[in-house]
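Right, one structure below, let's go through it.
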Amino acid sequence: MVIDMSNRIPENVVEEIRTSNDIVDVVGEYVQLKKKSRNYFGLCPFHGEKTPSFSVSPDKQIFHCFGCGKGGNVLTFVREIEGVSFQEAVQMLAEKSGQQIPQATNEDGDEASGQNQEIQNLYEAHEWLTKLYHHLLRHTKEGKDGYEYLQERELTQETIDTFQLGYAPNSKDFTLKFLQNKGFHPQTMVRGGLLSYNEDNGEYGDRFRGRIIFPIRNHQGKTVGFAGRSVHGNDPKYLNSPETELFHKGKLLFNFDLARSEIRKQGEVVLFEGQMDVISAYQAGFKNGIATLGTAITDAQAKLIRRYVEKVIICYDSDNAGIEASYKAANLLHNAGCDVRVANIPDGKDPDEYIHTQGSEAFRNHVLDSSATYMGFIIKYLRRGFNLQHEGDRIRYIEKVLDEIAKIDKPVERDYYLRDLASEHDLSLEVLEKEITDRRKKQGREKDNNASTSYTNYKVEKKQEAKLLPAYHNAERHLIYYMMQDAAIAEKVQDTIGGAFNLNEHQVVVTYLYAYYEEGYSPNPGQFIEQLPDPNMKSLVTEIAMMKLQPDISDQEIQDYIRVISAKKNEKDNITSLQKQQKEAERQNDPVKAAQIAMEILKLKQSLKSN
């Protein structure tokens, strides 16, 4: 069990680490952000959406999603996106900014890290083995076979070093003895996928022996698994780490840590099938390449890619298996909201082979830059299995293409492919347009033309709802906003009305805010949010802090807010008093007086609703 040590890290250390990590930079490692006015916007990583509603404020160092409501500071974001404890989030940010956290102890006096000890051991063991295997490959006779193989694949020493490629000796216990000498228990290493265990004889053994080693790193650059390629004919030819606490192949992408900055820079990513394709492309200058880990791309991987970039070029092998894999990947990425292109490698070559034989310039010009659009690829893919010289096959093929064109939301793009289809098969454009209209009705897509308008309307309605909130509700929110910006305003409100806000959640927020200032903190919404214990409260405060209000407020405006809040409070107090009087009149059997009081209560309640 992971121990949350959040209350054991000195607050000044937490604050120093938080302020050393700019929230735009940290969020930008997970979300493709674009600046609009003072803030940055992107697709929310916490819920599915196609229109950005996720906002990051560099001035206030907080984020907020107007779609799902999540919000907070940089620590909140890391905890949510990584699914880690407070301590782990602080540790991760400390590593990013090169800071040290003082050693903490648990109640039993034992040293405690923010991470489970076994998981920490696995990270360390993976790091040791990465260095060991790389050293063996580059500097020992045991790694000669592996090194010669990589030279035959035309990899340079620089590339081998960049990817920390290695070699595991063809020995059943070399790695076992190494790990034991480092103090790692074999059972833990088996659970971590680094050793194997033979139940028949009860012996532990090296898992990757006799293989070239490709370290698999997570997006933080930490090795979490290995892929091994046999050089002695051992079966299987390729061997990956099994699923472990660290290694989840459906969520990881090979080379994502190195490619991430280049992906952002170029605005596109190239998706390959294997590690060697990625490495060869990287060596040839294409540093925005990534690959799945021996399996088809998953929904989680597609969503991860979309968070970073919109344009994806699928560059798989051009054999039948590669085309089928491209079709599945294209659909998954398209559904995730990506602008999908599919490259075609001539002569049935794989990317690695094409780069080596034709060169990087040809790969750029004739493969990547010549890649087909998503719909262009789908239309070509659908031809497979049909004999277009046969009338029946040709009609069935056209029907399938129409089904796909009908799914396109952009009218211009639909028109382009319809005209192309009509021209190729000598068909009436009017007839095809009618077919598309009928199909879109059946698919429920007739409203798609107004998709962006609908979203805008939704946002407008949300804004209108905010304007139509009772005056006291808006007054309280606005006042809290300015109280978070200026301690003097908070002190003035505390002296005037204290915690007498009308909404319970606002009462709780200002109570925490008064305590925050009393403890000597300076105005800082990001820091204040971290003091709040409840996630819903954090989201509310973040939403208020992200409001677009004028930076300055006059004393008269503050007094007006206070007056509105107090007036509403008085109305509520009057209703409470009248309700007591009504009960007393009923107890004294005075129905006329009770009815008169009831009318007064009704008028006051109507006034409350209208205000």
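Sequential numbering from 680 applies to the sequence shown in my numbering.
C-beta: ideal position from N, C-alpha, C; glycine also.
Under the three-state reduction of DSSP output, Tyr709 falls in the coil class, being neither helix nor strand. Residues of the same chain with a CB within less than 6 Å of the CB of Ala1166, apart from the 5 flanking positions on each side, are Tyr1196, Pro1202 in chain order. Contact between the segment 735-744 and the segment 1217-1232 is present, with at least three C-beta pairs closer than 8 Å. Contact check for Asp824 against Lys851 fails: the beta carbons are separated by 8 Å or more. Between Leu1106 and Lys1079, the gap from beta carbon to beta carbon reaches 8 Å or more.
Taken through DSSP and simplified to helix, strand or coil, Ile992 comes out as strand.
For Ile969, the secondary structure class from DSSP, reduced to helix, strand or coil, is strand.
By alpha-carbon distance to Leu808, the top candidate from Ile780, Thr854, Leu1228, Leu1100 is Thr854. Within the segment 797-884, the alpha helix (DSSP H) runs of at least 4 residues that lie entirely inside it are, in chain order, 823-831, 836-841, 853-860, 865-870. Tyr719 is bridged by DSSP to Lys714, Val735. A residue is called buried once 16 or more other Cβ atoms fall within 10 Å of its Cβ, and Gln779, having fewer, is exposed. Beta-bridge partners assigned by DSSP to Pro894: Phe905. The criterion of a C-beta distance shorter than 8 Å is not satisfied by Leu772 and Leu801. The segment 930-981 contains, as complete beta strand (DSSP E) runs of 3+ residues, the segments 947-951, 968-970 (chain order).
Comparing C-alpha distances from Glu694 to each of Phe765, Lys944, Glu708 shows the shortest one belongs to Phe765. Look at the beta carbons and you see the segment 816-833 touching the segment 904-913: at least three pairs across the two are nearer than 8 Å. Residue burial annotation: Lys729 is exposed, with fewer than 16 other C-beta atoms found within 10 angstroms of its C-beta.
Residue state for Tyr1200 is assigned as coil, using DSSP reduced to three classes. Cα atoms of Tyr1033 and Phe1042: separation of roughly 7 Å, rounded to the nearest angstrom.
Take the alpha-carbon of Lys714 and the one of Ala1101: they are about 42 Å apart. Across the set Tyr961, Thr867, Asp840, the C-alpha of Thr867 shows the shortest separation from the C-alpha of His805.
When the Cα atoms are used, Ala970 and Thr923 turn out to be separated by approximately 20 Å. Taking a 10 Å sphere around the C-beta of Ile1074, we find fewer than 16 other C-beta atoms and assign the residue as exposed. The count of Cβ pairs closer than 8 Å, one atom from the segment 1201-1216 and one from the segment 749-763, reaches three, so the stretches are in contact. Beta-bridge pairing by DSSP links His743 to Ser734, Gly750. Here DSSP, grouped into helix, strand and coil, assigns Leu1106 to coil. Boundaries for Leu772: no beta strand (DSSP E) harbours it, while the alpha helix (DSSP H) harbouring it runs 765-776, taken from the DSSP string. Ranked by Cα distance from Gln1258, the first of Ile1115, Phe720, Lys1282 is Lys1282. In the same chain as Gly964, and ignoring 5 residues on each side of it, the C-beta atoms closer than 8 Å to its own belong to Ser1039, in chain order.
DSSP places Asn919 within a strand segment (E or B) once states are collapsed to three. For Arg1075, the uninterrupted alpha helix (DSSP H) segment begins and ends at 1070-1084. Under a 10 Å Cβ-count criterion, Asp996 is classified as buried, with 16 or more other Cβ atoms of the shown protein chains found around its own Cβ.
Secondary structure note for Val1019: its beta strand (DSSP E) is the uninterrupted segment 1018-1021. With at least 16 other beta carbons inside 10 angstroms of its own, Val706 counts as buried. In this structure, the CA atom of Glu1114 is about 23 Å from the CA atom of Gly1064.
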